[in-house]
Amino acid sequence: MNWFAIGNIADIPLRGARCVKTPQGKIAVFRTAENEVFAIEDHCPHKGGPLSQGIVHAKAVTCPLHNWVISLETGTALGVDEGAVKTIALKNDGGALFIALEDLMVAAE
Amino acid sequence: MNEKLVIIGNGMAPGRMLEHLLEKAPGRYAITIFNAEPRVNYDRIMLSPVLSGEKDYEEIIIHGDGWYIKHGITLYKGHRIVAIDRDAKTVTSDHGVTESYDKLVIATGSVPFILPVPGKELPGVITYRDLDDVQAMLLAAQSREKAVVIGGGLLGLEAAAGLVGRGMDVTVLHVMPTLMDRQLDPAAGYLLQKELERRGIKVLCKANTKAIIGNGKVEGIELEDGRIIPATLVVMAVGIRPSVGLAREAGLAINRGIVVDHGMQTSDGSIWALGECAEVGGMVYGLVAPLYEMARVAASHLAGEQGAAFVHSDTPTKLKVTGIELFSLGDFADGDDREEIVLRDASAGVYKRLVLKGNRIIGTVLYGETADGAWFNDLKKKQTDISEMRETLIFGQAYQGGAPLDPMAAVAALPDDAEICGCNGVCKGRIVSTITEKGLTSLDDVRAHTKASASCGSCTGLVEQLMTLTLGDSYNPAAVQPMCGCTDLGHDDVRRLIKAKGLKTIPAVMQELEWKTSCGCAKCRPALNYYLVCDWPDEYADDYQSRYINERVHANIQKDGTYSVVPRMWGGVTNSGELRAIADVVDKFEIPLVKVTGGQRIDLLGIEKEDLPAVWADLGKAGFISGQAYAKGLRTVKTCVGSDWCRFGTQDSTGLGIRIEKFMWGSWTPAKLKMAVSGCPRNCAEATCKDIGVICVDSGFEIHFAGAAGLDIKGTEVLGLVKSEDEALEHIVALTQMYREQARYLERIYKWAKRIGLDEIRRQIMGDADKCKAYYDRFVFSQKFAQVDPWSERVSGKDKHEFRPMATIGYGQAAE
Numbered sequence: 265m266n267w268f269a270i271g272n273i274a275d276i277p278l279r280g281a282r283c284v285k286t287p288q289g290k291i292a293v294f295r296t297a298e299n300e301v302f303a304i305e306d307h308c309p310h311k312g313g314p315l316s317q318g319i320v321h322a323k324a325v326t327c328p329l330h331n332w333v334i335s336l337e338t339g340t341a342l343g344v345d346e347g348a349v350k351t352i353a354l355k356n357d358g359g360a361l362f363i364a365l366e367d368l369m370v371a372a373e
Numbered sequence: 005m006n007e008k009l010v011i012i013g014n015g016m017a018p019g020r021m022l023e024h025l026l027e028k029a030p031g032r033y034a035i036t037i038f039n040a041e042p043r044v045n046y047d048r049i050m051l052s053p054v055l056s057g058e059k060d061y062e063e064i065i066i067h068g069d070g071w072y073i074k075h076g077i078t079l080y081k082g083h084r085i086v087a088i089d090r091d092a093k094t095v096t097s098d099h100g101v102t103e104s105y106d107k108l109v110i111a112t113g114s115v116p117f118i119l120p121v122p123g124k125e126l127p128g129v130i131t132y133r134d135l136d137d138v139q140a141m142l143l144a145a146q147s148r149e150k151a152v153v154i155g156g157g158l159l160g161l162e163a164a165a166g167l168v169g170r171g172m173d174v175t176v177l178h179v180m181p182t183l184m185d186r187q188l189d190p191a192a193g194y195l196l197q198k199e200l201e202r203r204g205i206k207v208l209c210k211a212n213t214k215a216i217i218g219n220g221k222v223e224g225i226e227l228e229d230g231r232i233i234p235a236t237l238v239v240m241a242v243g244i245r246p247s248v249g250l251a252r253e254a255g256l257a258i259n260r261g262i263v264v265d266h267g268m269q270t271s272d273g274s275i276w277a278l279g280e281c282a283e284v285g286g287m288v289y290g291l292v293a294p295l296y297e298m299a300r301v302a303a304s305h306l307a308g309e310q311g312a313a314f315v316h317s318d319t320p321t322k323l324k325v326t327g328i329e330l331f332s333l334g335d336f337a338d339g340d341d342r343e344e345i346v347l348r349d350a351s352a353g354v355y356k357r358l359v360l361k362g363n364r365i366i367g368t369v370l371y372g373e374t375a376d377g378a379w380f381n382d383l384k385k386k387q388t389d390i391s392e393m394r395e396t397l398i399f400g401q402a403y404q405g406g407a408p409l410d411p412m413a414a415v416a417a418l419p420d421d422a423e424i425c426g427c428n429g430v431c432k433g434r435i436v437s438t439i440t441e442k443g444l445t446s447l448d449d450v451r452a453h454t455k456a457s458a459s460c461g462s463c464t465g466l467v468e469q470l471m472t473l474t475l476g477d478s479y480n481p482a483a484v485q486p487m488c489g490c491t492d493l494g495h496d497d498v499r500r501l502i503k504a505k506g507l508k509t510i511p512a513v514m515q516e517l518e519w520k521t522s523c524g525c526a527k528c529r530p531a532l533n534y535y536l537v538c539d540w541p542d543e544y545a546d547d548y549q550s551r552y553i554n555e556r557v558h559a560n561i562q563k564d565g566t567y568s569v570v571p572r573m574w575g576g577v578t579n580s581g582e583l584r585a586i587a588d589v590v591d592k593f594e595i596p597l598v599k600v601t602g603g604q605r606i607d608l609l610g611i612e613k614e615d616l617p618a619v620w621a622d623l624g625k626a627g628f629i630s631g632q633a634y635a636k637g638l639r640t641v642k643t644c645v646g647s648d649w650c651r652f653g654t655q656d657s658t659g660l661g662i663r664i665e666k667f668m669w670g671s672w673t674p675a676k677l678k679m680a681v682s683g684c685p686r687n688c689a690e691a692t693c694k695d696i697g698v699i700c701v702d703s704g705f706e707i708h709f710a711g712a713a714g715l716d717i718k719g720t721e722v723l724g725l726v727k728s729e730d731e732a733l734e735h736i737v738a739l740t741q742m743y744r745e746q747a748r749y750l751e752r753i754y755k756w757a758k759r760i761g762l763d764e765i766r767r768q769i770m771g772d773a774d775k776c777k778a779y780y781d782r783f784v785f786s787q788k789f790a791q792v793d794p795w796s797e798r799v800s801g802k803d804k805h806e807f808r809p810m811a812t813i814g815y816g817q818a819a820e
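Those protein sequence lines, which keep their order, are chains A and B.
Just add 264 to the spot in the first sequence (first one is 1) and you have my numbering.
Just add 4 to the spot in the second sequence (first one is 1) and you have my numbering.
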């Protein structure tokens, strides 16, 4: 695991999200109303909708394309839908945010 | 022949008395009312919401003109009685009308006390008593200048909050060390002062007014300590005095008020007095509950019944300022024979104090959290010995006996004589028995029969809980489809409560309406955001995190995560310059698809989100603004070429379409709103399947609405025919505003119209010129805040974060 700095928590609106571009695709970084921060793949398990563009509520996000609700903690779809996205380890160091990417990914070059 | 009953005054007390009297002894009297105010009976308690803009005058009328006609009552509006001749048994008005009576009721109310200081007559010094005063304040508030309110009591603080809400810079002067000193102890007064200051009201306590200064009009206040407070408006709210001049001249017994016995009879056996002008048992009253009790007693005697007697009871006080919870009851002064229980939670802004004497509650002050007010009131009234529950008493009813925190349980546990509606003095038992006896099933019925929750409305929730308890499954508020899993309330209830409780933020709605989730969901948040945008256009700060992505970034998301962009082309008309600019944008950003839409616009598809601001910047240079093709709002007005070009055209349909679009663009609506104007009944613009359409004819403009051409297909209904373009615009705008205010979020106009009835819509828009105008005015007001081009805002840098990745991590980047 390698930690990459992605910016500060203040860069993300409350109940909002931002994207981080990586060689393996976009990662969505969410900030909840309670100031918790989560990172998951920006790719809905249903039809690949950009989860970072959805409405954030409690610890979940609703996909903008077809309203699947995805848990930010586990990456799994809530309710009757089934599916999951990968969660990304995230470290919040006094507001400075870091995400962990696998060695494999970084070494890919 | 009927006895003649004459009433002087038409406020809430005589109004209520008449309701009782007409029920007990219909037809017994020929009734004549003289009202010094030139209007019908209205709910004076609700003047503060009118001042703050939460209600209109029409909404606070208790008895409309029709009520007087229905009951055969003669109402002289704007007639002040100047003389009572007790020998001849006549009264005479300032307009010279003389009326004889068999029985006379004096209900002249009170007059505001005016401080006897120099300058008190200057223009710009007003009191706070009736609708005229409110209108004077509203007029003055337009200046958005400085106002001083003298008096930090209930009325003064409500006036101050209203004026601040209207944009004035307000200072409250209060002669005592803390606010509302007659209702609150110093600790609660302090919390209240902090909260008011947080809202931008300046508060000066221990401030003695020496003079009102100004040359020809008010310019400021001079205090005893020499300070000068500049002001262009001074509101005096230092107290009221019973209005007894008329009764005194007639030779009736007067003390502080008109002296009456416990049956409300004056020293003259043919004359009764009630309301704020009456003094009973040595007391005069100003809150509505005892005045309504007087009304009940007086009506009983006038109906020929014996024995009804006025009984004093303490009335709880509440402040009608949105978002401030405050409850005060009884006696709360310190004393050697008294004990107190105090709870403070500074971070939550909660303060509770119970004053006990001999293990019984004699006074209560609650600030910040008042739900247990009714319970404490009940314990006080019953003189309940509280020693058993003393340790947990202050935590409220829910904590007694370890019962779960279920609001229904709290209501169920209330005794039958617990007061539910403070304004109307209605207890639980009366509501429950009336529901059962009369077989009532709706809240409106319960209000009509018991008056509970019919005045200030703050007990509506309690009344509904009682209905659920009483009727069980047959009263089924859940028959209303809840908005979403976060609440049991339906859209209509939520909209009503947002207005009634003056809720102006999403957290306030969720807190006050007891949302079951911490911050809602993707269903309720966009709906609440719309309702708040619609209801409080000038005050509500649009919450973009509660908007769907399309409205948040002002473009339409596509299945691959790219966006489409539709610039506005007024009425579907364009020109070579605009088309050239579009062509250049398409080339520059390599836009993969250009498509003409059904609404006569050009759609540019497949744009990366990061490119959106640059695309808009180029389009903006050519004069384009957002076409809002993504909005639950006004989309397009489609037109045909009309009388300018078409040999069949009867009117300038293109011109009218452009005019409508320029007037209405930017407005948010419950669901998308598509319109069209056709120049003749051949209907080339397909106006008869639109949300709102116009068919031009020789004699004018036929306005259509409630069409559909999506999942459902439905031809429009005719709203009506108007003669001029101006009228067409006005009626279309009014219809749109009615829809904006009433429909549920995502409910298209045809579904809304079906639900509330086409005739009702025609009646309000085509049949009621005042209503139509009021809708129109509210739309125009909200447009002041809505007509901002979201594209140019974002080109200028707004919401930058939306369009950029937070970070880009490349291969080979050094890990930390």
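The C-beta atom is built at its ideal place from N, Cα and C for all residues, glycine as well.
Remember, it's a predicted structure, so these values are computed and weren't measured experimentally.
Determine the direct distance from the alpha carbon of residue j to that of residue i, and round the result to whole angstroms.
i                      : j                      : result
residue 17 of chain B  : residue 140 of chain B : 25 Å
residue 315 of chain B : residue 319 of chain A : 57 Å
residue 279 of chain B : residue 696 of chain B : 51 Å
residue 401 of chain B : residue 187 of chain B : 23 Å
residue 638 of chain B : residue 666 of chain B : 10 Å
residue 152 of chain B : residue 777 of chain B : 33 Å
List the endpoints of the continuous beta strand (DSSP E) containing residue i.
i                      : result
residue 371 of chain B : 364-371
residue 274 of chain B : Note, residue 274 of chain B: premise wrong, no beta strand (DSSP E); not H, not E.
residue 825 of chain B : Residue 825 of chain B cannot be examined here, being either before or after the span of chain B that is shown, 5 to 820.
residue 325 of chain A : 324-326
residue 495 of chain B : Careful: residue 495 of chain B lies outside any beta strand (DSSP E), inside the alpha helix (DSSP H) at 495-504.
residue 709 of chain B : 704-709
With 16 other CB atoms within 10 Å as the buried threshold, where does residue i fall?
i                      : result
residue 313 of chain A : buried
residue 664 of chain B : buried
residue 219 of chain B : exposed
residue 287 of chain B : exposed
residue 310 of chain B : exposed
residue 717 of chain B : exposed
residue 343 of chain A : exposed
Can you tell which of the options has its C-alpha closest to the C-alpha of residue i?
i                      : options                    : result
residue 541 of chain B : B:687, B:671, B:122        : B:671
residue 44 of chain B  : B:75, B:502, B:65, B:696   : B:65
residue 330 of chain A : A:278, A:307, A:311        : A:311
residue 286 of chain A : A:295, A:303, A:348, A:335 : A:303
residue 419 of chain B : B:813, B:666, B:275, B:380 : B:380
residue 213 of chain B : B:508, B:575, B:121, B:112 : B:121
residue 134 of chain B : B:46, B:694, B:184         : B:46
residue 158 of chain B : B:271, B:403, B:320        : B:320
residue 467 of chain B : B:492, B:434, B:487        : B:434
Using a C-beta to C-beta distance shorter than 8 Å, which residues of chain B count as neighbours of residue i?
i                      : result
residue 318 of chain A : 526, 553
residue 293 of chain A : 810
residue 354 of chain A : Correct list: empty, because the minimum Cβ distance to chain B is about 12 Å.
Just reading off the alpha helix (DSSP H) that residue i is part of, what are its end residues?
i                      : result
residue 471 of chain B : 464-475
residue 777 of chain B : 773-790
residue 533 of chain B : 528-539
Run through chain A and tell me which residues come within less than 9 Å of residue i, C-beta to C-beta.
i                      : result
residue 814 of chain B : 285, 286, 287, 373
residue 561 of chain B : 313, 314, 317, 328, 329
residue 805 of chain B : 275, 276, 277, 280, 282
Applying a beta-carbon distance threshold of less than 7 Å, which residues of chain B neighbour residue i?
i                      : result
residue 280 of chain A : 549
At 9 Å on the CB atoms, spell out the chain B contacts of residue i, in chain order.
i                      : result
residue 270 of chain A : 810, 811, 813
residue 322 of chain A : 521, 522, 523, 524, 525
*Relative to chain E, which residues along the stretch 518-529 of chain B have a C-beta separation below 7 Å, given in chain order?*
In the structure shown, chain E cannot be found, because the protein chains are A and B.
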